[in-house]
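Colleague: In the numbering used here, the protein residues as written are 13 to 481. Glycine included, C-beta positions come from ideal geometry on N, C-alpha and C. The structure under discussion is supplied below as structure tokens; questions concerning it will follow.
This is the structure:
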């Protein structure tokens, strides 16, 4: 094949996953993969608007792709299809985006998501560059995108707002004279572009009815947008990234060594001698006022670090499936357990079921994980993990957001990238005459298929004999 100049100029090396063998995400050849959020410096310039960005969805793509912050990999999200304007303001149908969609690396917007950028210009952006290359673009304007979290927000004030940059491809000769909001507005019909942005990712739904999920405001000039970005967005410096990565790695190791790693006192005793040793160990731990057994260790760890683990699980990869699979899967289950609790879904050990956390009259969550975990024994945690798969299936079918574990994004329109990570997306309703997303989403697995939770509630042979006699 002929080599695109940008392929040579904008290829970058894998740094994020190259610091330690574990945690690390490696490819089939045993090499660390690129991280599409941390491995690229944006090098964003106020004087000319130039910035490095990562493209997730090229212009006119049939499918939409997102980046998973934890693994740093691109993955399939949904398929575009023709839809009429949900706001009933424009005629015609809106299908594939006539612009590329991406984000500025190392930057989070006001909603805590990668700083979104839409790019106009060279429509022939090669697909095979997207997972290994950044793109140098010229940001010329911005707009405010308002998101309705769920249901019908029309006429209400519960829209969530974030800044989105508008850029052009400086390699495209047709864009050479587009350097500000006015130039862009002369070349593109912003009303029409807004229609694409408000419709192509679907609608919110209540029953069979669809409601607007996105509202797009007028264009903002670059200088105003740049100042807003600097004040209201989060940008990670090299030093901050190193600190975050090191801190999360330390926390993951502590969760494994302090809680998850099997100890002598955790194992089922098969003989009288083993039982005596086990009871002696447990007695000694009690004398030292240390937690005895898995559930007790988990309760103690949860009180100190549950919120931090949930945050780390979103931003920092926790293991290496090829290095220590037991540790990897334990941290995967526990990471999802803590994330769900932080995001409003809890497991009630007393009633032994997952449920949505409700709010009291003051707006505070009724269930507190520290108090709730006091009722949790080994068998309860086993039940929580056993029920997790069905709970996520029910959750995904009833309300946003959707959680899904992706090992390899290998279906026919996937990126074929290795993730081994929990992803969180918002699957909207698509009002097309023939919506392909319904069948596609049904076929996508939700839960990891090659593992099960390692049981923590064990029975000693001696105690079983006592029960029999």
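#1: When burial is assigned at 16 or more other CB atoms within 10 Å of the CB, is residue 157 buried or exposed?
#2: Exposed or buried, residue 198, counting other C-beta atoms within 10 Å across all chains shown (16 or more means buried)?
#3: Please state the DSSP three-state secondary structure of residue 471.
#4: Starting from the C-beta of residue 473, find all residues in its chain whose C-beta is less than 6 Å away, skip the five residues before and the five after it, and write them out in chain order.
#5: Work out the CA separation of residue 345 and residue 49 for me, nearest whole Å.
#6: Could you compute how far the alpha carbon of residue 395 sits from the alpha carbon of residue 364?
#7: Could you check whether residue 326 and residue 81 sit closer than 9 Å to each other, using their CB atoms as the reference points?
#8: Between the segment 427-445 and the segment 215-226, do at least 3 Cβ pairs fall closer than 8 Å?
#9: Would a C-beta distance cut-off of 9 Å place residue 94 and residue 335 closer than the cut-off?
#10: On the three-pair Cβ rule with 8 Å, is the segment 261-272 touching the segment 318-333?
#11: Could you please give me the residues that DSSP links to residue 414 through a beta bridge?
#12: So, is residue 373 buried or exposed, given that buried needs 16 or more other C-beta atoms within 10 angstroms?
#13: Is it buried or exposed for residue 210, if we count other Cβ within 10 angstroms and need 16 for buried?
#14: Would you list the one or two residues that DSSP bridges to residue 69?
#15: Quick one: grab the DSSP three-state call for residue 451.
#16: Could you check the C-alpha separation between residue 471 and residue 280 for me, to the nearest Å?
#17: What are the uninterrupted segments assigned as alpha helix (DSSP H) that are 4 or more residues long and contained completely in the segment 173-250, given in chain order?
#18: With DSSP run on the structure shown, which of helix, strand or coil describes residue 333?
#19: Can you name the start and end residues of the beta strand (DSSP E) that residue 32 belongs to?
#20: Looking only at its chain, what residues have a beta carbon closer than 8 Å to the beta carbon of residue 62, apart from the 5 residues adjacent to it on each side?
#21: Roughly how many angstroms separate the alpha carbons of residue 73 and residue 109, rounded to a whole number?
#22: Under the three-state reduction of DSSP, which class applies to residue 325: helix, strand or coil?
#23: Rounding to the nearest angstrom, what Cα-Cα distance links residue 28 and residue 85 in this structure?
#24: Please identify the residue among 429, 410 and 331 whose C-alpha is closest to the C-alpha of residue 162.
#25: Do you know whose CA, among 243, 128, 407 and 328, lies nearest residue 255's CA?
Modeller: On the basis of the coordinates in this document:
#1: buried
#2: exposed
#3: coil
#4: 282
#5: 24 Å
#6: 7 Å
#7: yes
#8: yes
#9: no
#10: yes
#11: 437
#12: exposed
#13: buried
#14: 113
#15: helix
#16: 6 Å
#17: 193-199, 202-211 and 234-244
#18: coil
#19: Element bounds for residue 32: n/a, residue is neither H nor E.
#20: 55, 56, 148, 149, 150, 151 and 182
#21: 7 Å
#22: helix
#23: 12 Å
#24: 410
#25: 328
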